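Worksheet: one structure, shown below.
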Amino acid sequence: MSKFRYRLGLYGGKAARLGLKLLKRQGTYLPGVISAKLDPNYLKNIPKPNRMIAITGTNGKTTTSNLILDILSAKDP
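No gaps in the numbering here: position 23 of the sequence shown is 146 in my numbering, and each next residue is one more.
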């Protein structure tokens, strides 16, 4: 892994996300594309969580994701 290329991809993606935010645009696709262009192995090199939850389906994914986040983030259940 080239640390330089990894960091270039990381900060390139962050800059794209900041640019989208400043332009009041939504989107999560562009930062990932930029990161992958700057470091083709970016997805192989990013730290990965030990556990992951996949939410699939046609409707209700965002609502379900937000509910799960709220439940898991609650300090006092």
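Each residue gets a CB set at the ideal place from its N, CA and C atoms; glycine is no exception. Just so it is clear, the structure is predicted and the values come from calculations on it, not from any experiment.
Alpha-carbon to alpha-carbon, M175 and S188: For the purposes of this step, residue 188 is identified with residue 65 of the sequence shown, where counting begins at 1. For the purposes of this step, residue 175 is identified with residue 52 of the sequence shown, where counting begins at 1. So the two alpha carbons sit approximately 12 Å from each other.
Through-space distance from T151 to N212, alpha-carbon basis: It is not possible to answer for residue 212, since the shown part of the chain is limited to 124 through 200.
Reference K126, options D162, A139, L192, G183, closest by Cα: Within the sequence shown, numbered from 1, the residue matching residue 126 stands at position 3. If we check each option's Cα against that of K126, D162 comes out closest.
Neighbourhood of A139 by C-beta distance below 6 Å, restricted to the same chain and skipping five residues each side: Counting from 1 along the sequence shown, the entry for residue 139 is found at position 16. So the qualifying residues of the chain are L153, P154, I157.
CA-to-CA distance, L192 to P170, given in whole angstroms: Mapped onto the sequence shown, residue 170 falls at position 47. Mapped onto the sequence shown, residue 192 falls at position 69. Approximately 20 Å, taken between the alpha carbons.
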